[in-house]
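A quick write-up on the structure given underneath.
In the working numbering, the protein residues as written are 108 to 391.
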């Protein structure tokens, strides 16, 4: 999945290489607000409906293969993304906790902090363009901000309770100030503490070898090589460590059990028709 402001495979791994190397169908999704940020306008979705778009595209491919009776291994569903696409990959995992065998987040945003939401000075250069004014159409509600925190312990616990077995790989530059490494470290620690399957790699100078990893900042290096470096053991079909998920996935289950409590209600991802629908159910 591409980066903030990108399209197709910009800022992420080469889908053609991934398809050939891992024997998969690789899809790139131009989700809501793909393309030039100046053209798409504020505020930035920050992974919410972007993840729904990505999952609906995945469901289209998944259901089409079934309808045409094309043989495929439904346990080998993976996702990877760079920067904003890393954030969307993690949100897809949150929205579909019973679907992916393995996901790779490369330098993605861990949460919608005040700094990024409101473009505050002194932090990340990212500005999602939200407002603190409840009367402003760009107002960011506490519930919406809370929901976009991938490291939220309560939400991670809900994923665990639903039976999430996804192996979550986090790769991040140790000094990244764009998608702050401090946020990524906290998220990684919370995922680890939740009991979900995960590994995290914060790239430092000692990891440089001139090609895959070249800096400790946001870009880190060559993201096609990074995806392979960390993904090969789990994604190669003939690897002894290959990740294959067992049992029905979210598209098969067609239920509304994916629920996350937030202030004033809960977000529900409903798979009743196969493709996911997101809604906020408020509490009276």
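The beta-carbon is built from N, C-alpha and C at its ideal position, and this holds for glycine as well.
- Annotation: the continuous alpha helix (DSSP H) that includes residue 331 extends over 330-342.
- Spanning the alpha carbons of residue 261 and residue 299 requires a straight line of approximately 13 Å.
- The beta carbon of residue 239 is closer than 8 Å to those of 225, 246 and 247 in its chain, skipping five residues each way along the sequence.
- Taken through DSSP and simplified to helix, strand or coil, residue 202 comes out as helix.
- Counted as a single uninterrupted DSSP element, the stretch harbouring residue 377 is not any alpha helix (DSSP H) but the beta strand (DSSP E) occupying residues 372-380.
- Per DSSP, the unbroken alpha helix (DSSP H) holding residue 358 starts and ends at 357-360.
- With 16 or more other Cβ atoms inside 10 Å of its own Cβ, residue 166 counts as buried.
- In the DSSP assignment, residue 309 is bridged to 279.
- The continuous alpha helix (DSSP H) containing residue 168 extends over residues 155-174.
- In this structure, the CA atom of residue 359 is about 30 Å from the CA atom of residue 252.
- Rounded to whole angstroms, residue 278 and residue 366 show a C-alpha spacing of 27 Å.
- Using a 10 angstroms sphere on the CB of residue 352, the tally of other CB atoms reaches 16 or more, which defines it as buried.
- Minimum Cα-Cα distance from residue 124 among the listed residues 263, 339, 376 and 357 corresponds to 339.
- Annotated three-state conformation of residue 117 is coil, per DSSP.
- Distance check between residue 323 and each of 180, 272, 308 and 196 places 308 closest, using alpha-carbon atoms only.
- Around the beta-carbon of residue 191, 16 or more other beta-carbon atoms lie within 10 Å, marking it buried.
- In this model, residue 270 and residue 160 are separated by some 23 Å (Cα to Cα).
- The C-alpha of residue 288 lies about 15 Å from the C-alpha of residue 229.
- Apart from sequence neighbours up to five positions away, the residues of its chain that approach residue 222 with a beta-carbon distance below 7 Å are 230 and 231, ordered along the chain.
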